[in-house]
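Working notes, beginning with the structure itself.
Residue numbers (the working numbering): 1 to 695.
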């Protein structure tokens, strides 16, 4: 042991025969916390170049590597110059008339200019100065030089004038048409010299909505204006790269001051736009978590997107979709196409009235419609007919806001549960070699077993708040939707819910917390924002509250924790009818029209039993419930089945429950529940049969 080490304690455990020794070092020197800095070793040229290569910009620009982007840019360039050419060609007679009207003024200006040249007027001040100073020799020299310059000019002018006059006179008799054309052309050319400074010849279009170029000074000043600047003694915001062109706008990457997250700018988007004196629709800040939480990516549009031309939905004119793959939906602020994934997920769309929910619904439903293998079940509980364009191809289509339509929507969800159970049973019967990616429905399985009808079934419920707030149907609707969302997605059953009341009563937590894909349009507060986009979405910078109601169809599309701003492709009702007609032709050719589309009755299966209903109404965390309490809950959940039990005596209703449960090997027993009402017949949660795999 070294001399400076003193044994402090020694302990021997006789059972484990282990020994622990704690030593204290006397006169120990303090150790450095930070590792010592090492001088750069020679020969690191390769390491430096490797670091550069890791972050080097692409050799080929992005618009050349992306075929669609290059084609779009080329089309826009051609259309721009074609438009400019056509614009001015149509106005050419007006321009010619203006030139002819200016010809007299131009002629006068040219004659005056010609006369000054012939008379050599620019030399007159010099001669006058020599004469006034009585410098005879200088005056004589200037006079001789003036005569030498003026004489040939007069002769040349007389010759040109004579030749022009004779040529004009002769050609007017020999070729009058050419003479008139030459005179008009000459007059038009002379008219160029007769222009007025405040009246341009060419009609010009002033693009008032094209904004100034973004620069670093504007960005830093705007950040300082909203309080994002370094504190005294600390460095402020710094640019991670130069401000660059990015699509129809500019992109600036800024490292905010230490300790400031990008979300601090996101929540002040309106103030940032005001500081930059730009329309809020052109200013789009976002964080770059791939770098660090303090990295801000600011994209500013060159022109207001609200005033820009409409970008067409990619499937507007031709083509078909595949629900197993992402579907075209809309465009981000930069104009890039944004796709939405429905397969193995579900979709929730929420926003206040007038926020553009219909535009979103059309873009989604029409994308499904042009996949001839997808089966559409649509329940439009508003009764406005916004989705009537796809009615001819729907397996089931219901429109209205009465109880009859609401019951039909419930029946549709029950049928969806029955269908996923049928598919789950079939998928479980397959060997693992046929489901290498997991036990779920795939395009390959659907094509291999066409008799099993495994194509995607998309259930769309618009204005779903009508179900979730209905006094009789709300509990069952929430339970059915939750079950479909959690269990049916792997088997190709997709639920799409749209609501204009994204508040807590209209959107049950069990539903909103389970949906995989969410689209939040303009909302009024952070609560509605989080109801649609998920807990803490507002704090993470996903804020649909910053979207104006005038930006219809614009929202935050999120899957998981990340989200992007997207504007749904605008599709007119007449265009939707044309797309639906193409979808009808595709399905007719493929032979996939079913249900209402061919006039056949729709069989809405319901395989739920009383066991499923009891499980749905069972209170969370409760071990035992009395029979009369279960009867009350069942009557509220499924009044069509259990309401008559509430009209019986308590003992009779308990007996009815017991008799109904007996086929499922369940029986009520005498239970004493002090928190409720003492002793009575009831069930324990452990009496319920276990949920089978896939249920």
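All residues carry an ideal CB built from backbone N, CA and C; glycine is no exception.
Three-state secondary structure assigned by DSSP to residue i
i: residue 609; result: coil
i: residue 626; result: strand
i: residue 450; result: helix
i: residue 421; result: helix
i: residue 555; result: strand
i: residue 180; result: helix
i: residue 287; result: strand
i: residue 485; result: helix
i: residue 226; result: coil
i: residue 687; result: helix
i: residue 15; result: Model confidence at residue 15 stands at a pLDDT of 48, short of 50, so the residue's coordinates are unreliable; what they give is reported in the following sentence. Coil.
i: residue 503; result: coil
i: residue 316; result: coil
i: residue 458; result: strand
i: residue 428; result: helix
i: residue 5; result: Summary for residue 5: the model assigns pLDDT 48, below 50, so the residue's position carries little reliability, and this model does not support an answer.
i: residue 196; result: strand
i: residue 237; result: coil
i: residue 439; result: coil
i: residue 540; result: coil
i: residue 476; result: helix
i: residue 245; result: strand
i: residue 534; result: coil
i: residue 414; result: helix
Rounded Cβ spacing between residue i and residue j (contact assumed at less than 8 Å)
i: residue 485; j: residue 511; result: 7 Å
i: residue 496; j: residue 521; result: Their Cβ separation, rounded to whole angstroms, is 15 Å, which puts residue 496 and residue 521 out of contact at 8 Å.
i: residue 570; j: residue 389; result: Actually they are not in contact, since the Cβ atoms of residue 570 and residue 389 sit about 14 Å apart, beyond 8 Å.
i: residue 292; j: residue 594; result: Not quite, the Cβ-Cβ distance comes to about 53 Å (not below 8 Å), so this is no contact.
i: residue 682; j: residue 627; result: 5 Å
i: residue 243; j: residue 252; result: 5 Å
i: residue 431; j: residue 335; result: Not confirmed; about 47 Å, so no contact.
i: residue 262; j: residue 541; result: 7 Å
i: residue 338; j: residue 564; result: 7 Å
i: residue 380; j: residue 386; result: 7 Å
Boundaries (first-last residue) of the beta strand (DSSP E) holding residue i
i: residue 396; result: 396-399
i: residue 573; result: No beta strand (DSSP E) holds residue 573; the alpha helix (DSSP H) holding it covers 573-590.
i: residue 375; result: 375-380
i: residue 681; result: 678-684
i: residue 493; result: 493-499
i: residue 117; result: Per DSSP, residue 117 belongs to no beta strand (DSSP E); it is in the alpha helix (DSSP H), 92-119.
Per DSSP, the bridge partner or partners of residue i
i: residue 666; result: BP columns for residue 666 are empty, so no partner.
i: residue 672; result: 679
i: residue 565; result: 556
i: residue 252; result: 298
i: residue 327; result: 340
i: residue 708; result: Since the first residue of the chain shown is 1 and the last is 695, residue 708 is not available in this structure.
i: residue 87; result: Paired residues: none, contrary to the question.
Residue i versus the options, residue with shortest Cα-Cα distance
i: residue 580; options: 337, 152, 115, 364; result: 364
i: residue 458; options: 536, 417, 272; result: 417
i: residue 88; options: 629, 317, 202; result: 202
i: residue 498; options: 517, 492, 613, 488; result: 517
i: residue 526; options: 544, 509, 513, 515; result: 544
i: residue 224; options: 257, 316, 513; result: 257
i: residue 319; options: 113, 436, 610, 582; result: 582
i: residue 491; options: 413, 419, 110, 612; result: 419
i: residue 119; options: 98, 603, 157, 109; result: 157
i: residue 654; options: 663, 629, 673; result: 629
i: residue 535; options: 550, 552, 553, 509; result: 509
i: residue 94; options: 367, 188, 685; result: 188
i: residue 452; options: 636, 165, 273, 423; result: 423
i: residue 472; options: 314, 642, 280, 220; result: 642
i: residue 533; options: 549, 557, 176; result: 557
i: residue 713; options: 347, 295, 277; result: Nothing about residue 713 can be reported from this structure: the residues present for the chain run from 1 to 695 only.
Boundaries (first-last residue) of the alpha helix (DSSP H) holding residue i
i: residue 547; result: Neither: residue 547 is in no alpha helix (DSSP H) and is coded neither H nor E.
i: residue 136; result: 136-174
i: residue 640; result: 639-646
i: residue 655; result: 650-661
i: residue 509; result: 509-512
i: residue 367; result: 357-369
i: residue 523; result: Note, residue 523: premise wrong, no alpha helix (DSSP H); not H, not E.
i: residue 125; result: 124-132
i: residue 468; result: 465-468
i: residue 269; result: 269-276
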